[in-house]
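Colleague: Pasting in a structure now, in structure tokens, and then I'll have a few things to ask.
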Amino acid sequence: MSFQDYRIDDSRGLEFGLYTLGDHLENPHTQTRISAQQRLKEIIEMAKLADEAGIDVISVGESHQDHFTTQAHSVVLSAIAQATKKIKVSSSSTIISTSDPVRVFEDFSTIDLISGGRAEIVAGRASRVGLFELLGYDLHDYEELFEEKFDLLLKLNKEEVVNWEGEYRKPLRDAHVLPRPANGHLPIWRAVGGTPASAVKAAYQGVPMYQAMLGGPTSVFKRSIDAYRETLDGLGHDPEEFPVATAGFFYAADTTQQALKEYYPHINEGMKLTNGRGFPKQQFAQGAHPQNVMNVGSPQEIIEKILYQHETFNHQRYIAQMDFGGVPFDKIMKNIELIGNEILPAVKKYTAKK
Amino acid sequence: MNITLLSGSTIGSKTRTAMTYIKTSIEENYPDADVTLLDLAEYDMVFSDGRDFREYKGDTKIVTETLMASDVIIVGTPIFQASIPGSLKNVFDLLPQDGLRDKVAGILVTAGSAKHYLIAETQLKPILSYMRAQIVQTYTFMEERDFHRKEIVNEDALFRIERLIEDTMILVETYSKAKAAKEEQYGF
Chain A
13 MSFQDYRIDD
23 SRGLEFGLYT
33 LGDHLENPHT
43 QTRISAQQRL
53 KEIIEMAKLA
63 DEAGIDVISV
73 GESHQDHFTT
83 QAHSVVLSAI
93 AQATKKIKVS
103 SSSTIISTSD
113 PVRVFEDFST
123 IDLISGGRAE
133 IVAGRASRVG
143 LFELLGYDLH
153 DYEELFEEKF
163 DLLLKLNKEE
173 VVNWEGEYRK
183 PLRDAHVLPR
193 PANGHLPIWR
203 AVGGTPASAV
213 KAAYQGVPMY
223 QAMLGGPTSV
233 FKRSIDAYRE
243 TLDGLGHDPE
253 EFPVATAGFF
263 YAADTTQQAL
273 KEYYPHINEG
283 MKLTNGRGFP
293 KQQFAQGAHP
303 QNVMNVGSPQ
313 EIIEKILYQH
323 ETFNHQRYIA
333 QMDFGGVPFD
343 KIMKNIELIG
353 NEILPAVKKY
363 TAKK
Chain B
3 MNITLLSGST
13 IGSKTRTAMT
23 YIKTSIEENY
33 PDADVTLLDL
43 AEYDMVFSDG
53 RDFREYKGDT
63 KIVTETLMAS
73 DVIIVGTPIF
83 QASIPGSLKN
93 VFDLLPQDGL
103 RDKVAGILVT
113 AGSAKHYLIA
123 ETQLKPILSY
133 MRAQIVQTYT
143 FMEERDFHRK
153 EIVNEDALFR
163 IERLIEDTMI
173 LVETYSKAKA
183 AKEEQYGF
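So the sequence lines, in the order shown, correspond to chains A and B. Offset between the first sequence (1-based) and the working numbering: plus 12. Offset between the second sequence (1-based) and the working numbering: plus 2.
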């Protein structure tokens, strides 16, 4: 495997993407909430604008509970695939534990064909676990369900005719899994939580890692990425062949103070509803520090932070979450404009390999 | 202000007796506060399985959501086998890692022996601080001899309980004011 297999061309610099969890929340500034239908249309519209602005990736996650609207995230991604031209269409993430890997592979291969080879899967274990009960799974099997089904997904990606046996799904005997993706296989990543132990699991499976990082010092997240690469190396892989992506909060405004002021209520009120408790103001204030991973600030400060993170992580992709908690669409458009006009050109210029 | 009095044992009467006294005293002296007594003897709790605290059912959900909605938690605990009871530890396990952030936590201990005096210091406080509580440093320690037939019979113990309540309310007031002033400075 190599970067090419994951459709990454790092000579063109750090990939920049947008991601949404598909949350459907009130805008705390106006205390109004758009309809689920409008939210879905705006997510597709956000993808179109991102595509036009030259952003590399758009991804959508699945959460099966109140305050969300992209439970059928692959359906949303399919609509995005149809509406866009160049942007990669990804998930953030696909909860493989509570799905049939065969169906997931079929869905994303189909999106890959519709989009002309732009689809990929980021498989995660779920940070909100409401879907286990809804979809008929036992939370006690949380870890094993993920590992077994993720292994099967990787196998389906490698082999067109599959023989497989496991504990949580009926065996597959000479199963012909179709359609095949555009270039034979899909890029499949593993979503990684906060600790090095989580990152190391991606290395064991020999798949690229996707690091979620809501806030905190850049150096702390470097530990996870280092642990991942060291483990790959220890297992006889070449870490240089495995891309690393990071994902976190992003919000640009004319000044840092304005960005903090506009975005904080969205994060705080949104997290109260989706995670049961808000985001401490003190931590958010620290998020503005140049060496904190939270990319909230003026475009210039965000550029400097992303470049610092790139220097530290040597990662291949960063994806930004800037629509959480009922951010109104005019602000999403404004952010995409700032990314397209100011942030992206600078990031590409300084990270492209000469 | 939501005050929850968590009586941490499913058996015995001393902790419950002391917590009932605290409830009456707060209701008399702080009439604006909403006080809830959660006596684990009255709730049918499941063990923590790591899910979000809002996703439990029945009594477990009532307990976790009541605690998470509290500004102040006074933990009352007996000492079993040189530690807090498993029933109380389970309640902490049911809550998020930082579930006590911005909450003020006071402690009242009832024990069969004075040898248990430092148990709260070495075993309960580390849990509360790990979970980010603002801990009232001094706690009330009571023994068998302070009780008789479900009444507190030692006047000194009553004074100590009153001081615990006062210390807790002072910490709530100072912490919330100082925090609000600091957050004002952030300017967002």
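Quick reminder that beta carbons are idealized off the backbone N, C-alpha and C, glycines included. These numbers come from a predicted model, not from an experiment.
Please say whether Asp335 of chain A and Ile348 of chain A have beta carbons closer to each other than 8 Å?
Modeller: Not closer than 8 Å, so no.
Colleague: Can a CB atom of chain B be found closer than 8 Å to the CB of Lys273 of chain A?
Modeller: Interface residue, yes.
Colleague: Since I believe Ile109 of chain B is in contact with Val77 of chain B (beta carbons under 8 Å), could you give me their beta-carbon distance rounded to a whole number of angstroms?
Modeller: Yes, Val77 of chain B and Ile109 of chain B are in contact; Cβ-Cβ is about 5 Å, under 8 Å.
Colleague: Please report the distance separating the alpha-carbon of Pro311 of chain A from that of Leu350 of chain A.
Modeller: Distance between the alpha carbons of Pro311 of chain A and Leu350 of chain A is about 7 Å.
Colleague: DSSP on Phe325 of chain A, reduced to helix/strand/coil?
Modeller: Three-state DSSP puts Phe325 of chain A in a helix.
Colleague: Under DSSP, the alpha helix (DSSP H) around Val359 of chain A begins and ends at which residues?
Modeller: Where Val359 of chain A is concerned, the enclosing alpha helix (DSSP H) stretches over Leu356 to Thr363.
Colleague: Out of A:Ile70, A:Lys273, A:His197 and A:Leu165, state which residue places its alpha-carbon closest to the alpha-carbon of Gly136 of chain A.
Modeller: For Gly136 of chain A, the nearest C-alpha among the options comes from A:Leu165.
Colleague: From this set, B:Phe55, B:Val93 and B:Arg147, which residue's C-alpha is nearest Leu285 of chain A's C-alpha?
Modeller: Comparing Cα-Cα distances from Leu285 of chain A to each of B:Phe55, B:Val93 and B:Arg147, the minimum goes to B:Phe55.
Colleague: Which residues of chain B have a Cβ atom closer than 7 Å to the Cβ of Pro292 of chain A, listed in chain order?
Modeller: The answer, in chain order, is Arg103.
Colleague: CA-CA distance, Val174 of chain A and Leu168 of chain A?
Modeller: Going from the Cα of Val174 of chain A to the Cα of Leu168 of chain A covers about 7 Å.
Colleague: Thr110 of chain A and Phe144 of chain A - do their beta-carbons sit closer together than 8 Å?
Modeller: Yes; because the gap between Cβ atoms is below 8 Å, this pair is in contact.
Colleague: In angstroms with no decimal places, state the Cα-to-Cα distance between Tyr275 of chain A and Val141 of chain A.
Modeller: In a straight line, the C-alpha of Tyr275 of chain A is about 26 Å away from that of Val141 of chain A.
Colleague: If Thr79 of chain B and Ser131 of chain B are in contact, beta carbons under 8 Å, what's the gap, nearest whole angstrom?
Modeller: Not a contact, Cβ separation roughly 16 Å.
Colleague: Can you confirm whether the region 205–224 of chain A touches the region 252–272 of chain A when touching is taken to mean that 3 or more C-beta pairs between the two stretches lie within less than 8 Å?
Modeller: Yes, since at least three Cβ pairs between the region 252–272 of chain A and the region 205–224 of chain A fall closer than 8 Å, the two stretches touch.
Colleague: Would you say Glu186 of chain B faces chain E, with C-beta separation under 8 Å as the test?
Modeller: Of the protein chains in this structure, namely A and B, none is chain E.
Colleague: Check each residue of the region 60–93 of chain B: if its Cβ is closer than 7 Å to any Cβ of chain A, include it; give the result in chain order.
Modeller: Residues Met70.
Colleague: Where do the ends of the beta strand (DSSP E) carrying Ser103 of chain A lie?
Modeller: It spans Lys100 to Ser103 - the beta strand (DSSP E) in which Ser103 of chain A sits, taken as one unbroken run.
Colleague: With C-beta atoms as the reference, is Gln333 of chain A less than 8 Å away from Phe262 of chain A?
Modeller: A contact, by the Cβ cut-off of 8 Å.
Colleague: What first and last residue would you give for the alpha helix (DSSP H) that runs through Asn195 of chain A?
Modeller: Note, Asn195 of chain A: premise wrong, no alpha helix (DSSP H); not H, not E.
Colleague: So what does Ile76 of chain B bridge to, in DSSP terms?
Modeller: Paired residues: B:Leu7 and B:Gly108.
Colleague: Return yes when the Cβ of Ile64 of chain B is within less than 8 Å of the Cβ of Ile167 of chain B, no when it is not.
Modeller: Not a contact, by the Cβ cut-off of 8 Å.
Colleague: Can you check whether the C-beta of Gln8 of chain A is within less than 8 Å of a C-beta belonging to chain B?
Modeller: For residue 8 of chain A there is no data in the structure shown, the boundaries of chain A being 13 and 366.
Colleague: Listed in chain order, which residues of the region 252–280 of chain A have Cβ atoms closer than 7 Å to some Cβ of chain B?
Modeller: Listed by position along the chain: Gln269, Leu272, Lys273 and Tyr276.
Colleague: Cα-Cα, which of A:His322, A:Arg115 and A:Leu157 is closest to Lys133 of chain A?
Modeller: Reading off the sequence, residue 133 of chain A comes out as Ile, not Lys. Of the listed residues, the one whose Cα sits closest to Ile133 of chain A is A:Arg115.
Colleague: Tell me, please, whether the CB atom of Pro98 of chain B is closer than 8 Å to any CB atom in chain A?
Modeller: Yes - at least one Cβ of chain A is within 8 Å of the one on Pro98 of chain B.
Colleague: Where Glu57 of chain A and Ile355 of chain A are concerned, what is the direct C-alpha to C-alpha distance, given to the nearest angstrom?
Modeller: In a straight line, the C-alpha of Glu57 of chain A is about 20 Å away from that of Ile355 of chain A.
Colleague: Is Ala203 of chain A close to chain B? Criterion is C-beta to C-beta, closer than 8 Å.
Modeller: No, its Cβ sits nowhere closer than 8 Å to a Cβ of chain B.
Colleague: Applying the criterion that 16 or more other CB atoms from any shown protein chain within 10 Å of the CB defines a buried residue, is His327 of chain A buried or exposed?
Modeller: Under this definition His327 of chain A is a buried residue.
Colleague: Counting along the chain, where does the beta strand (DSSP E) carrying Met334 of chain A start and finish?
Modeller: Here Met334 of chain A belongs to no beta strand (DSSP E), and DSSP marks it neither H nor E.
Colleague: Assign Asn31 of chain B to buried or exposed, taking buried as 16 or more other Cβ atoms, counted over all protein chains shown, within 10 Å of its Cβ.
Modeller: So Asn31 of chain B counts as exposed.
Colleague: What separation, rounded to the nearest whole angstrom, lies between the Cα atoms of Glu242 of chain A and Lys213 of chain A?
Modeller: Looking at the two C-alpha atoms, the distance is approximately 12 Å.
Colleague: What number of angstroms, rounded off, separates the C-alpha of Thr32 of chain A from the C-alpha of Ser103 of chain A?
Modeller: Taking the straight line from one Cα to the other gives about 9 Å.
Colleague: Check the Cβ of His152 of chain A against every Cβ in chain B and list those closer than 9 Å, keeping chain order.
Modeller: Simply Asp51.
Colleague: Measuring only the C-alpha atoms, how far is Gly282 of chain A from Gln43 of chain A?
Modeller: Using only the alpha carbons, I get a separation of about 12 Å.
Colleague: Across the region 133–153 of chain B and the region 84–104 of chain B, are there enough close Cβ pairs to call them in contact, namely three or more that are closer than 8 Å?
Modeller: These segments touch.
Colleague: Could you please tell me which residues of the region 39–68 of chain A, in chain order, have their CB closer than 8 Å to any CB of chain B?
Modeller: Going along the region 39–68 of chain A in chain order, one finds no residue with a Cβ nearer than 8 Å to chain B.
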